[in-house]
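Asks: Under my numbering, the first residue of the sequence shown is numbered 8, with each subsequent residue one higher.
Below are the structure tokens for one structure; questions will follow.
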Amino acid sequence: MAGLDLASKVSTKERYLWGDAGAPHHIVAYDYGIKRNILRMFEERGCRITVVPSTTPAKDVLALQPDGVFLSNGPGDPDAVEYAPAAIREIVAANVPVFGICLGHQLLGITFGGRTVKLPYGHRGGNHPVKDLATGDVLITSQNHGFAVEGSAEGIPGAPDLQVTHLNLNDGTVEGLRHRQKAVFGVQYHPEAAPGPHDAVPHFDEFLGALAGAR
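What follows is the structure, encoded as structure tokens:
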């Protein structure tokens with residue numbers, strides 16, 4: 008897996024729309040291997056989604072005038088998705104809220120100066136305990152990844168603009184991060200997991216709240 012850009016292999020080749028065209032919120036989703044239930048959960052929350060290929064330039068995304076941009080999950084080595092960080096930086100600079108899941112979370116870490124590492128044992132399946140550092144709550148999560156953003160509760164080396172929000176209680180790896188000034192955050196686990204667990208579903212509502220705050 009190391010060095011493999013699999014996101015561009017599994018990504019849609021053409022832009023497509025999902026949801027009610029009259030929905031009040033417009034999300035542009037980068038498809039690095041997106042799960043359909045993510046699209047369903049955005050649709051349930053009053054969003055129409057434009058799904059774009061993984062290599063879409065930021066200028067094309069911003070031309071769609073999104074309320075927010077979503078960075079999807081996907082396979083492969085995040086370091087090999089070399090085209091993503093520049094696009095993400097440009098979108099963040101335009102003050103568009105950004106939310107990333109799994110690979111999207113890892114790409115946020117890289118974008119702001121962090122590094123990713125290959126885990127000796129990947130996180131697979133359900134029942135992974137994750138601590139919310141702000142509240143002390145423990146979420147039971149579903150996970151499927153072999154890489155992680157390097158860091159600890161103290162922060163992410165090389166990425167002073169990011170703060171760590173969630174940690175894995177089994178091995179201490181970074182499970183969530185947030186930009187200190189911008190409406191940008193990501194989680195390593197899958198809040199859209201079906202049939203569950205559903206402890207992390209409120210992250211979608213958190214993102215929708217960021218859209219409202221950016222208007």
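Note that CB positions come from ideal geometry on N, CA and C, so glycine has one too.
Can you grab the Cα-Cα spacing for the pair VAL194 / LEU174, in whole Å?
Replies: Taking the sequence shown and counting its residues from 1, one reaches residue 194 at position 187. Taking the sequence shown and counting its residues from 1, one reaches residue 174 at position 167. Near 10 angstroms, if we compare the C-alpha coordinates of LEU174 and VAL194.
Asks: Return the Cβ separation of PHE119 and LEU71 in integer angstroms, given the expectation that the two are a contact with Cβ distance under 8 angstroms.
Replies: Counting from one through the sequence shown, the residue named residue 119 turns up at place 112. Counting from one through the sequence shown, the residue named residue 71 turns up at place 64. About 24 angstroms; that fails the 8 angstroms criterion.
Asks: Between the stretch 175-192 and the stretch 34-42, do three or more beta carbon pairs fall short of 8 angstroms?
Replies: These segments do not touch.
Asks: If you count every other CB in all the chains shown that lies within 10 Å of the CB of TYR196, and 16 or more means buried, which is it?
Replies: Indexing the sequence shown from 1 puts residue 196 at position 189. Answer is buried; the Cβ neighbour count reaches 16.
Asks: Pick out the complete beta strand (DSSP E) segments inside the stretch 42-124, 3 residues or longer, and give them in chain order.
Replies: You should have 54-60, 75-78, 105-108.
Asks: Give the straight-line distance between the Cα atoms of ASN151 and HIS130, rounded to the nearest whole angstrom.
Replies: Numbered from 1 along the sequence shown, position 144 holds the residue referred to as residue 151. Numbered from 1 along the sequence shown, position 123 holds the residue referred to as residue 130. Near 5 angstroms, if we compare the C-alpha coordinates of HIS130 and ASN151.
Asks: Going by beta-carbon coordinates alone, are GLY179 and SER159 separated by less than 8 angstroms?
Replies: In the sequence shown, residue 179 corresponds to position 172, counting from 1. In the sequence shown, residue 159 corresponds to position 152, counting from 1. Their beta carbons are under 8 angstroms apart, which means GLY179 touches SER159 by this criterion.
Asks: What three-state label does DSSP hand ILE159 in the structure shown?
Replies: In the sequence shown, residue 159 corresponds to position 152, counting from 1. A small correction: the amino acid at residue 159 is Ser; Ile does not occupy that position in the sequence shown. Reduced to three states, the DSSP call for SER159 is strand.
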